[in-house]
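Chemist: Each protein sequence line maps, in turn, to chains A and B.
Heads up, the first sequence is in this note's numbering, so the first residue is 11 and it goes up one at a time.
Heads up, the second sequence is in this note's numbering, so the first residue is 140 and it goes up one at a time.
Before we start, here is the structure in question, set down as structure tokens.
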Amino acid sequence: MATQTRTEQIDPVTLSVINNAFVNVCREMGTAMMRTSYSPIFNEGLDFSCMLFNLRGDLIGQAEFCPTMLGSCQYAMKWMLDEVGLDAFGPGDVYIHNDPYRGQCHMPEHLVVQAVFHEGKPWGFVGNIAHVGEIGGMAPGSFAADATEVYQEGLRLPPVKIMAGGEYVKDIWRILLANHRTPKTSWGDYHAMIGSLHVAEARVQELLTTYGAETLTAASDQLLDYSERFMRAEIAEMPDGVYYAQDQMEDDGITRRPYWMRLRLTIRGDEAICDWTDSDDQAKGPINATFVVTAASCYSGFLHVVSDDIPINSGAYRPIRLVTRPGSLVNVKHPGPSVGGNTETHPHIQNVVVRALAGAVPDRVAASEGASSCNFLFGGFHPEYGDYYTNYHIEGSGWGGTIDHDGSNVLCPNNGNCRNTPVEILETKYPFVVEEYRLREDSAGPGRWRGGLASSRTFRVTAPEIIVNALFDRTRTHGPGIFGGGPGASSGIFIQRPGDEAFRSFSETFGTVSDSKFTRVPVTAGDRIRLDSAGGGGFGDPLQRPRDLVAEDVRQGFVSPAAARDHYGYDPDEEGA
Amino acid sequence: MPVRLGIDTGGTFTDLIGIDEGGALVVAKTPSTPARPVDAIMHAIARSEVESEALEAISIGTTVATNALLQRTGATVIYVTTAGFEDVPYIQRMNRKHHFSLKWSKPLPLVERRNCLGVAERLDFHGATLIPLTDEALADLAARIEARLVDASGDVAFAVCLLFSYVNPAHELRVRDFLEARFPAIPVSLSHQVAPIWREYERGSTVIADGYVKPIMERYIADAGAAFARAGMDVPWSLMKSNGGKTPADAAEAEPVKFLLSGLAGGIIAGHYFGQLAGATNLVTLDMGGTSCDVGLVRDGKISHSTNFEIEWGLPVATPTIDLTTIGAGGGSIAWIDKGGLLRVGPQSAGADPGPVCYDAGGDQVTVTDANLVLGRLNPAYFLGGTIGLDVAKAERALDALGERLGLGRMEAARAVIDIANENMANAIRVLSIDRGLDPREYALVAFGGAGPLHAADIAAKMGMRQVIVPVYPGLTSAFGALIAEPKISQVWSKHFRSDAIDAHTVGAHFAAMTDAALAQLRRERFMAEPEIERSVSMRYWGQNYEQDVPMPPGEVTPDLLAETLDAFHRLHEQFYGYAIGGETIELIRFNVTVSGHTGAVSLPAMSSNGRRPGGQPSSEREVYFQTHGLLATPIYRRDDLPAGFPAPGPLIVEEVSSTTLVHPGHRLDVGSSGVMTVTVGDGVSG
């Protein structure tokens, strides 16, 4: 069982009250950040998470924003504490940290933390991790799909103090803003992050006043233990055994070859061991996962199949152990690049974990989802506003079918929980016209319960020139189905230049090595760019799908009559639908 | 003497409260008749024994539109949108309600996918035409609509949402004219009219909801009008709006989506009224009934508003509503133990059938009401005035069983159930207040609904709030709110300016035109006195995406006045989020005018200083359990017996037909001159 430093046993009622209060602190922090931040990936996308840590750096509270960071933040926090020490934190000090070689997921994600003091002593930390849209490096938007080293991916920050006693540490700010292409946006976003820490700090102070530091600390420890007990009970219910699953990244942007991640999952009693030793060596390009990305994906895979009632904190992660090989796709070694490891490889890894768990708990899993964020980055001078802009754009994919329902259409991959940017906001800020944004008929993997549909969006360029970058996956592979279900449709990014009859790949048009991963391609006025996301896999034999559901899918245009015949053995003409 | 009536048609009961010029009150409560809501209204009026000749005005709060949405019984909507964007209602916003769940599915829109039809047209973000809307495009649309109408049964409504219509409505207006001419029997709703905001999904979702409830609301209004006419009641009647104002019934058909909270707004209006009677201007209202609890906010004497209402998670209705948070916490909320062994309460409810264990109607799961009964806080012989007898022994056995699983005794288990329910409500208050940058400790809690006054003092103590206010007739507050609601008309101009290039003259001209239009409508609604005019500007720092409403002072719109308003934004930002960015460009997004008519406050009669029982004697005494003291012999008062000016220290209980008020040890009860009760919450006392 867990280590416990128990000064008093908190009664279960107070414990759940305090757990709710921790969640609420984080919700309030997130709302403040959403309302005040500048970049769309922040305020429309909600690509951030908010958390509370104890003095050891354990995650003790969080709220429902972006899950990517929740499995990994404890590593970044603990690293920070090891490196700068608890004594480095004074009242009003804020530290910032984005280094993937110091426990972070990838460089755009910045952790800011502030210690909360009670009666002159630090009690714990309020923190948030957010995706800062542009941090320099070789490509606008800092998603360098052909980077081969972390140094090309943007400005790397070890834990450094940016606020001291509530005042700006101006030298650090100067360095930061001089290395970002859109410093004004960074300025606004950093203020949103730091401002929301104030909101959270005030609330934790109230809790400290209400309960006292000792009780609150004891409650945090007991919440960690509670989540651990809960997760152990869930794993103990799974049949012991060794389960295997694997999937591939189609290429790394540098060479056209797949990279495999391979899992050997052992369930033994109330513990699980995720052994990734057999995965491929790390890639030259930026699809590598840092160790903490792999850890977060494993935790996430389990959290998706167990009860929704487990409070999400570091305790829930304790029964899940990891084995990874340094220098492999799932544990990149310095100075390898990793920006896409967190957006593309991350959901693939999570899907592999869920697929392996299908051997243990078949009724709780789903077929694979599209699992590509379809990262599309662009930048340039705005022809009307005159200023230099960049933007990080993502798409949702179809999710996988489950034992009792179809996968949802067009959702953010499991590692994030971002929203799309409304067309009306996108066009107001950036020189594109969106010509269509629709569901892709027949993009769902067929099944007893089919996958969710993917989306298709077409941009028309209205500026003289825009520099674009892409980091997709699943353009030549598919989100697989499960238990006889079929795969979802592939994703893709295509361009049609004025005078061209059809859309073509970027490799054909510009000679990029990869169709799905490239940087710094100049597109010009009148070019059309189409982003297709990937569909979700089906669950179970499509021939077993009730005929009324197939008929309804045809009636609503989710499935074409031809696909109904080919995959479901259902002829709409004969059935008179 | 002329009598005005306020009526609330709730899910279970239809309540009526009336007042004559002398301030005398009549009340009535009848079971609701969901199939034909107007029947219950007529029953309630009959039961009130008010003569139809004496009627002066009727205002009604209704859940008809809300229920149609929740039960999915609305019209077949045909959604007309810019070609290429037909799937926006199905794509939604791409995020999930839960971040680690494979069980959750996206909410189903209120429109079928095959009924989402594109029309060839396109504006850019300035409102300039990229693709003109042609006659051919409209003819093509009409042909596809006809194909869809072939197998549409029941009510049909059009909902139109074209991209950038909030900047330039010309195309939407032309589509409307065309549809009305071609399909005259089908109502048309336009997105730029019901929700002039950017974000096509939210605007589209709102206009779809509008079309969805339109035929039902039209029928409700026609039915009620006909019933009133048949009964010879030739009086003006109005409906409560989601924004807390009221509108003549015949004007309500135009934008029915603005009536979704019609049945809930009254409670907050009444809470506001009684809070002011008790001398408080910052209020949290708590309306706790059998299955849910609605929390609202009054700030500096003004009811707080929002445009973030959702039918369910992910289906927004972006119209101005009173700011309300509803959570599944009520008397019927069920206590259960999760897999990790922690006690939880709600959101599942035993409802009215089978109801709590103590109803002895087949319920076997412990509810909040059972816990209150076991703790001695409810009177088994006087629940709903004695109309339902409660079985104490059954409730005790159920709590013994629950306690055993938790390692707690009966009383501790009951206390834990109440404590968790109260914590859930306290969290709802935190979310509502702190999301908006407010400190709940500076607020008084107005508690009503059958269960509100029973739980309020404990919730207040948890929040550090010092005062609980219990209205007169706490079980009829929504009807009372409808009675006292005032006409309120809002106008919005969506126009984008940067603070470094803003034209005071244009802004002034638009404000003047909007104010005139609102005043003209108010006059049409037969309001003749001096109205209150409020102006505000929605703004944000250049680069932010969420705006904040900043009040604009009265007077001619000059550059100085604009500068003053911009300064106020910096100050508000600092106050809410802890920092301001001085010198940063500000974006101005929307210009808002609200005109309210003050019909003259209803004045309740002063209470006699003597209750019926001289000196305010308790009617009985029983043992009640309190966390801090265990079982205490506690005096029980009937509310009718309490004279004005009556003070008493807790512990005590005040019982009346529709509610029970609990005053803890260390708290104090005071009765105000109009019968409003105030509980002063002592230091750190809870439970």
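Here a beta-carbon is modelled for each residue, glycine too, at the ideal position from N, C-alpha and C.
Strictly below 8 angstroms CB to CB, what residues from chain A border His237 (chain B)?
Modeler: Position 98 of the second sequence, counted from the start, is the residue given in the question as residue 237 (chain B). Within 8 angstroms Cβ-Cβ: Glu74, Asp318.
Chemist: Drop a sphere of 10 angstroms on the beta-carbon of Val333 (chain B), count the other beta-carbons inside from all chains shown, and report buried for 16 or more, exposed for fewer.
Modeler: Your numbering for residue 333 (chain B) matches position 194 in the second sequence. Val333 (chain B) should be labelled buried.
Chemist: From Ser378 (chain A) to Ser517 (chain A), what does the alpha carbon distance come to, in whole angstroms?
Modeler: If you number the first sequence from 1, residue 378 (chain A) lands on position 368. If you number the first sequence from 1, residue 517 (chain A) lands on position 507. Those two C-alpha atoms are separated by around 27 angstroms.
Chemist: Using a Cβ-Cβ cut-off of 7 angstroms (strictly less than) and excluding sequence neighbours within five positions of Thr78 (chain A), which residues of its own chain qualify?
Modeler: Locating residue 78 (chain A) in the first sequence gives position 68, where the first residue counts as 1. Cβ neighbours of Thr78 (chain A) beyond the five flanking positions: Cys115, Ala306, Asn352, His356, Asn425, Gly426.
Chemist: Would you mind giving the Cβ-Cβ distance between Arg331 (chain A) and Ala370 (chain A), rounded to the nearest angstrom? I have them listed as a contact below 8 angstroms.
Modeler: Locating residue 331 (chain A) in the first sequence gives position 321, counting from the first residue. Locating residue 370 (chain A) in the first sequence gives position 360, counting from the first residue. Actually they do not touch by this definition, with Cβ atoms about 16 angstroms apart.
Chemist: Among A:Gly100, A:Ile145, A:Gln72, A:Trp133, which residue has its Cα nearest to the Cα of His238 (chain B)?
Modeler: One-based indexing of the second sequence puts residue 238 (chain B) at position 99. Measuring from the Cα of His238 (chain B), the nearest candidate turns out to be A:Gln72.
Chemist: Name the one or two DSSP bridge partners that Phe391 (chain A) has.
Modeler: For this step, residue 391 (chain A) is matched to residue 381 along the first sequence. According to DSSP, which records beta bridges pairwise, Phe391 (chain A) is partnered with A:Tyr398.
Chemist: What is the rounded straight-line gap between the Cα of His488 (chain A) and the Cα of Gly548 (chain A)?
Modeler: Position 478 of the first sequence, counted from the first residue, corresponds to residue 488 (chain A). Position 538 of the first sequence, counted from the first residue, corresponds to residue 548 (chain A). Answer to the nearest angstrom: the Cα atoms are 11 angstroms apart.
Chemist: Between which residues of its own chain and Ala204 (chain B) is the CB-CB distance below 6 angstroms, once the five residues before and five after are set aside?
Modeler: Counted from its first residue, the second sequence places residue 204 (chain B) at position 65. Closer than 6 angstroms at Cβ, skipping near neighbours: Val352, Met356, Pro395, Phe398, Leu399.
Chemist: Anything in chain A within Cβ reach of Arg283 (chain B), meaning under 7 angstroms, just list it in chain order.
Modeler: Counting from one through the second sequence, the residue named residue 283 (chain B) turns up at place 144. In chain order: nothing, as chain A lies at least about 13 angstroms away.
Chemist: Three or more C-beta pairs under 8 angstroms: does that hold for the region 49–56 of chain A against the region 193–210 of chain A?
Modeler: A contact exists between the region 49–56 of chain A and the region 193–210 of chain A.
Chemist: Taking C-beta pairs closer than 9 angstroms, name the residues in chain B that Ile277 (chain A) reaches, listed in chain order.
Modeler: For the purposes of this step, residue 277 (chain A) is taken as residue 267 along the first sequence, with counting starting at 1. In chain order: nothing, as chain B lies at least about 18 angstroms away.
Chemist: Can you grab the Cα-Cα spacing for the pair Ile158 (chain B) / Lys385 (chain B), in whole Å?
Modeler: On the second sequence, residue 158 (chain B) is found 19 positions in, with the first residue counted as 1. On the second sequence, residue 385 (chain B) is found 246 positions in, with the first residue counted as 1. Roughly 18 angstroms separates the two Cα atoms.
Chemist: Are there 16 or more other CB atoms within 10 angstroms of the CB of Pro698 (chain B), so buried, or fewer, so exposed?
Modeler: Counting from 1 along the second sequence, the entry for residue 698 (chain B) is found at position 559. Exposed, since its Cβ has fewer than 16 Cβ neighbours within 10 Å.
Chemist: Once the 5 residues before and after Thr616 (chain B) are set aside, which same chain residues still bring their CB inside 6 angstroms of it?
Modeler: In the second sequence, counting from the first residue as 1, residue 616 (chain B) sits at position 477. Around Thr616 (chain B): Gly406, Ala409, Phe587, Pro610.
Chemist: Restricting to Cα atoms, I'd like to know which of A:Ser26, A:Phe75, A:Gly81, A:Ala243 is closest to Tyr327 (chain A).
Modeler: Within the first sequence, the letter at position 317 stands for residue 327 (chain A). Nearest of A:Ser26, A:Phe75, A:Gly81, A:Ala243 to Tyr327 (chain A), Cα basis: A:Gly81.
Chemist: List, in order along the chain, the chain B residues whose C-beta lies closer than 8 angstroms to that of Phe240 (chain A)?
Modeler: The residue given as residue 240 (chain A) occupies position 230 in the first sequence. In chain order: Lys478, Gly479.
Chemist: Where Asn29 (chain A) and Glu177 (chain A) are concerned, what is the direct C-alpha to C-alpha distance, given to the nearest angstrom?
Modeler: For the purposes of this step, residue 29 (chain A) is taken as residue 19 along the first sequence, with counting starting at 1. For the purposes of this step, residue 177 (chain A) is taken as residue 167 along the first sequence, with counting starting at 1. Roughly 32 angstroms between the two C-alpha positions.
Chemist: Could you tell me which of B:Leu743, B:Glu671, B:Thr773 sits nearest to Val732 (chain B), measuring between CA atoms?
Modeler: Translated into positions along the second sequence, residue 732 (chain B) becomes position 593. Distances from the alpha-carbon of Val732 (chain B) to those of B:Leu743, B:Glu671, B:Thr773 put B:Glu671 closest.
Chemist: Here's the rule I'm using: 16 or more other beta-carbon atoms within 10 Å means buried, otherwise exposed. How should Asn749 (chain B) be labelled?
Modeler: By one-based count along the second sequence, residue 749 (chain B) stands at place 610. Because the pLDDT of Asn749 (chain B) is 45, which lies under 50, any placement of that residue in the model is unreliable, and the question is left without a value.
Chemist: So, is the C-beta of Ala42 (chain A) closer than 8 angstroms to a C-beta in chain B?
Modeler: Position 32 of the first sequence, counted from the start, is the residue given in the question as residue 42 (chain A). By this cut-off, Ala42 (chain A) is an interface position.
Chemist: When you compare each of B:Thr767, B:Ser812, B:Arg778 to Pro804 (chain B) by their alpha carbons, which one comes out closest?
Modeler: As a first step, residue 804 (chain B) is located in the second sequence; it is residue number 665 there, counting from the start. Ranking the options by Cα distance to Pro804 (chain B), first place goes to B:Thr767.
Chemist: Need the endpoints of the beta strand (DSSP E) that Gln258 (chain A) sits in, please.
Modeler: Within the first sequence, numbered from 1, the residue matching residue 258 (chain A) stands at position 248. Start and end: 251–259.
Chemist: Hey, Asp551 (chain A) and Arg458 (chain A): beta-carbon distance below 8 angstroms or not?
Modeler: As a position in the first sequence, residue 551 (chain A) is number 541, starting the count at 1. As a position in the first sequence, residue 458 (chain A) is number 448, starting the count at 1. Closer than 8 angstroms, so yes.
Chemist: From what residue to what residue does the beta strand (DSSP E) around Leu523 (chain B) run?
Modeler: The residue given as residue 523 (chain B) occupies position 384 in the second sequence. Segment: none, Leu523 (chain B) is in no beta strand (DSSP E) and carries neither H nor E.
Chemist: Excluding sequence positions up to five away, which residues of its chain have a Cβ less than 7 angstroms from the Cβ of Asp530 (chain B)?
Modeler: To locate residue 530 (chain B), count along the second sequence from 1; it is residue 391. Excluding residues within five positions, the ones whose Cβ falls inside 7 angstroms are Cys497, Asp499.
Chemist: Any residues in the region 458–486 of chain A with a beta carbon nearer than 7 angstroms to a beta carbon of chain B? Which ones, in chain order?
Modeler: Ser465
Chemist: Closest to Glu144 (chain A) by CA distance: which of A:Pro168, A:Val136, A:Asp156, A:Glu119 is it?
Modeler: Looking up residue 144 (chain A) in the first sequence gives position 134. Of the listed residues, the one whose Cα sits closest to Glu144 (chain A) is A:Glu119.
Chemist: Between which two residues does the alpha helix (DSSP H) containing Met203 (chain A) stretch?
Modeler: As a first step, residue 203 (chain A) must be located in the first sequence, where it is residue number 193. Start and end: 193–221.
Chemist: If the cut is a Cβ gap below 7 angstroms, which residues of chain A does Glu726 (chain B) touch?
Modeler: Taking the first residue of the second sequence as 1, we reach residue 726 (chain B) at position 587. Neighbourhood of Glu726 (chain B) in chain A, by CB distance below 7 angstroms: empty, with the nearest CB roughly 10 angstroms away.
Chemist: Which class does Asn749 (chain B) belong to by DSSP, given the choice of helix, strand or coil?
Modeler: The count along the second sequence starts at 1 and reaches residue 749 (chain B) at position 610. With a pLDDT of only 45 at Asn749 (chain B), under 50, the local geometry of the prediction cannot be trusted, and the value read off the model is given with reservation. Looking at Asn749 (chain B) - three-state DSSP - the assignment turns out to be coil, as it is neither helix nor strand.
Chemist: Apply the 10 Å Cβ neighbour rule to Thr227 (chain A) and answer buried if 16 or more other Cβ atoms are within range, or exposed otherwise.
Modeler: The count along the first sequence starts at 1 and reaches residue 227 (chain A) at position 217. Under this definition Thr227 (chain A) is a buried residue.
Chemist: How would you write the range of the alpha helix (DSSP H) that Gly137 (chain A) sits in, first residue to last?
Modeler: Taking the first sequence and counting its residues from 1, one reaches residue 137 (chain A) at position 127. Here Gly137 (chain A) belongs to no alpha helix (DSSP H); instead the beta strand (DSSP E) covers 131–141.
Chemist: Taking Cβ-Cβ distances below 8 angstroms as the criterion, which residues of the region 168–180 of chain A are in contact with chain B?
Modeler: none
Chemist: Out of A:Arg460, A:Gly545, A:Pro508, which has the shortest C-alpha to C-alpha gap to Ser501 (chain A)?
Modeler: Your numbering for residue 501 (chain A) matches position 491 in the first sequence. The residue with the shortest Cα to Cα distance from Ser501 (chain A) is A:Gly545.
Chemist: What number of angstroms, rounded off, separates the C-alpha of Leu436 (chain B) from the C-alpha of Arg335 (chain A)?
Modeler: Translated into the one-based positions of the second sequence, residue 436 (chain B) becomes position 297. Translated into the one-based positions of the first sequence, residue 335 (chain A) becomes position 325. So the alpha carbons of these two residues sit roughly 56 angstroms apart.
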